[in-house]
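Peer 1: In our numbering, the protein residues as written are 14 to 399. One structure, as structure tokens, below. Some questions next.
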Amino acid sequence: MEDIIKSINAICEDKAVKIVISNKKNKEVKYNKIVISLKENKKEYYQIEKYTDKQVFHENIQVEDLKDKVFDFVKEDYKQLSAWSENITYDMKISKKGKVFLGKKKSDNAKVADRGHNKEKNYILKEGMQIQPLIDLGVFTKEGKVVNSKYDKYKQINRFIEIIDDEIKKNNYEELTILDFGCGKSYLTFVLYYYFVEIKKINVKMIGLDLKEDVITKCNEIAKKYEFENLHFELGDINGFKYNNKVDMVITLHACDTATDYALYNAIKWKAKMIFSVPCCQHEFNHQMKSNSLDILTKYGIIQERVAALMTDSVRGNLLECVGYKTQLLEFIDIAHSPKNILIRASKSNLAKDKKEKSLKQVEALMNEFNFKPTLYNLLKDDKLI
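As structure tokens, then:
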């Protein structure tokens, strides 16, 4: 035990910027690994992240308490400790008989530590979590580490979860019914279910809808394998899908062209509390739009296509406001990766009547100028919702 104390003292006195404690001695040990990072907010402190299979628990401690805390973690439960000070990398291992081996080598760790901190900062789905859908997707290794070539995908998935989390944390939801239109074979549906059930501890009933029977069969098999009891998939068309119970959230990712409009229309009819939509392939306006006074926007095909896509989402956002949704259009992924990078986030709200009327006038002015007839507008008009 004295050798452990001596080694920990040496590491802490060298002002370690990061410590990782791992390789637990038995299965009963609660945490798979513990990461301790030096932070600064007015004064320096250490943040501790304790990882189970499904969660990460945080704790902040003062700098002077580091030695005692590390010793408490290591003395009985773990066999390995890696640490990085500004100029030295430490590797401590404890044998079965309790013998301590401490290796150290000179290295410039300042940038490594900063990069590691930035990589983990603010992510809801953290490295070290055993998230099976991300492992099967190839984003995580079996140990819960991000695969380097999949880091952009990891950030994209986290960005989507963060956008949803911003809305979820406004209320103390205990249960939610969620419909995912056009789920396809994407593992994002499974990641979302994990987020709601394992991280937010919300009782969720989640239904995925797709047109392909083989996709539905496969997704139901995967849900069963993961033991996601309240997630199931159904065969159906967004246009004609009927659901008679309450719906709290509607998600529609990359539903092509007017399929997004039918998904939004259904969400509105169900009075869904929240809507998250990433539109795709907006052809409708592009095929219809003509303008006399602003024909510069329709003169070049590539410009018309891009303007039409932006107008489509602007109209959808305004129409959601017309029926009482507070609406935002957000960047979902970096435009360098895809031009289809807009996410519509809408939440049911008590919008003022004049705001609704203004939003509708803006839509109709655009319709008159460019001579198009939006599907969502027609659906809402025919139903006397606007």
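Idealized CB from N, CA, C, for every residue including glycine. Please read these numbers as outputs of a predicted model, since none were measured by experiment.
Could you tell me the alpha carbon to alpha carbon distance between residue 301 and residue 295, rounded to whole angstroms?
Peer 2: Going from the Cα of residue 301 to the Cα of residue 295 covers about 12 Å.
Peer 1: Does the separation of the CB atoms of residue 405 and residue 288 fall below 8 Å?
Peer 2: The requested residue 405 does not occur in the structure, where the chain is confined to residues 14 to 399.
Peer 1: Under 8 Å, do residue 474 and residue 358 count as touching if we go by C-beta distance?
Peer 2: With the chain running from 14 to 399 in the structure shown, residue 474 is simply not present.
Peer 1: Thinking C-alpha only, which one of 304, 114, 245 is nearest residue 193?
Peer 2: Nearest C-alpha to residue 193: 245.
Peer 1: How many Å lie between residue 26 and residue 181 at the Cα?
Peer 2: Between residue 26 and residue 181, the C-alpha separation is close to 43 Å.
Peer 1: Enumerate in chain order the residues of its own chain whose CB-to-CB distance from residue 334 is below 7 Å, with the five nearest sequence positions on each side excluded.
Peer 2: Taken in chain order, the residues that qualify are 340, 364, 368, 369, 372.
Peer 1: Under a three-way DSSP split, which group does residue 296 fall into?
Peer 2: Three-state result, residue 296: coil.
Peer 1: From the DSSP output, in three-state form, read off residue 354 for me.
Peer 2: If DSSP states are grouped into helix, strand and coil, residue 354 belongs with coil.
Peer 1: Between which two residues does the alpha helix (DSSP H) containing residue 217 stretch?
Peer 2: Segment 216 to 223 is the beta strand (DSSP E) holding residue 217; no alpha helix (DSSP H) there.
Peer 1: Can you name the start and end residues of the beta strand (DSSP E) that residue 96 belongs to?
Peer 2: Per DSSP, residue 96 belongs to the beta strand (DSSP E) from 91 to 97.
Peer 1: Secondary structure at residue 311, three-state DSSP: helix, strand or coil?
Peer 2: Residue 311: coil per DSSP, three-state reduction.
Peer 1: Which residues does DSSP list as the beta-bridge partners of residue 204?
Peer 2: Paired residues: none, contrary to the question.
Peer 1: Considering Cα atoms alone, identify which of 40, 171, 78 is closest to residue 58.
Peer 2: Nearest C-alpha to residue 58: 78.
Peer 1: Between which two residues does the alpha helix (DSSP H) holding residue 19 run?
Peer 2: Note, residue 19: alpha helix (DSSP H), 15 to 26.
Peer 1: So, with DSSP's three-state summary, where would you put residue 113?
Peer 2: Residue 113 falls in the strand class under three-state DSSP.
Peer 1: Does residue 386 pass the burial test, meaning 16 or more other C-beta atoms within 10 Å, or should it be called exposed?
Peer 2: Exposed, since its Cβ has fewer than 16 Cβ neighbours within 10 Å.
Peer 1: In this structure, does DSSP put residue 130 in helix, strand or coil?
Peer 2: Any answer about residue 130 is weak, because its pLDDT of 47 lies below 50 and its placement is not dependable; what the coordinates show is given next. Three-state result, residue 130: helix.
Peer 1: Taking the beta strand (DSSP E) that residue 268 belongs to, which residues open and close that run?
Peer 2: It spans 262 to 269 - the beta strand (DSSP E) in which residue 268 sits, taken as one unbroken run.
Peer 1: If contact is defined by three or more beta carbon pairs under 8 Å, each pair taking one atom from either stretch, is the segment 245 to 259 in contact with the segment 216 to 231?
Peer 2: The segment 216 to 231 is in contact with the segment 245 to 259.
Peer 1: Are there three or more Cβ pairs, one per stretch, closer than 8 Å when the segment 271 to 286 is compared with the segment 302 to 309?
Peer 2: The segment 271 to 286 vs the segment 302 to 309: no contact.
Peer 1: Skipping 5 residues on each side, what residues in its chain have a beta carbon closer than 6 Å to that of residue 380?
Peer 2: Answer for residue 380: no residue qualifies.
Peer 1: For the segment 173 to 192 and the segment 145 to 165, state whether three or more C-beta atom pairs, one from each stretch, are separated by less than 8 Å.
Peer 2: Judged by Cβ distances under 8 Å, the segment 173 to 192 makes no contact with the segment 145 to 165, as fewer than three pairs qualify.
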